[in-house]
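In my numbering, the protein residues as written are 64 to 118.
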């Protein structure tokens with residue numbers, strides 16, 4: 064699985080970790096999965112695309 068996003072918020076110790084969006088819902092909610100398999104529902108504002116050349 065590819066992890067093209069970075070989690071930006073300091074929630075559950077996940078700030079700065081790579082993640083993938085696995086589902087999108089209403090009110091800008093998304094389901095994200097991290098490399099270790101952890102899954103959470105959060106806001107779409109909590110992630111950003113990894114920039115070219117970053118990590």
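All C-beta atoms in this analysis are idealised placements derived from N, C-alpha and C, irrespective of residue type, glycine included.
Treat the numbers as computed from the prediction; the structure is a model and nothing was measured.
Is it right to say residue 102 is buried, meaning 16 or more other beta carbons lie within 10 angstroms of its own, or is it exposed?
-> Along the chain shown, one-based indexing puts residue 102 at 39. Result: exposed.
Going by alpha carbons, who is nearest to residue 79 out of 116, 115 and 109?
-> Within the chain shown, the letter at position 16 stands for residue 79. Ranking 116, 115 and 109 by Cα distance to residue 79 puts 109 first.
Starting from residue 103 and walking both ways along the beta strand (DSSP E), at which residues does that stretch end?
-> Numbered from its first residue, the chain shown carries residue 103 at position 40. It spans 102–106 - the beta strand (DSSP E) in which residue 103 sits, taken as one unbroken run.
Backbone CA spacing between residue 70 and residue 82 [nearest angstrom] = Along the chain shown, one-based indexing puts residue 70 at 7. Along the chain shown, one-based indexing puts residue 82 at 19. Between residue 70 and residue 82, the C-alpha separation is close to 7 Å.
Give the secondary structure of residue 66 by DSSP, where H, G and I count as helix, E and B as strand, and everything else as coil.
-> Your numbering for residue 66 matches position 3 in the chain shown. Residue 66: coil per DSSP, three-state reduction.
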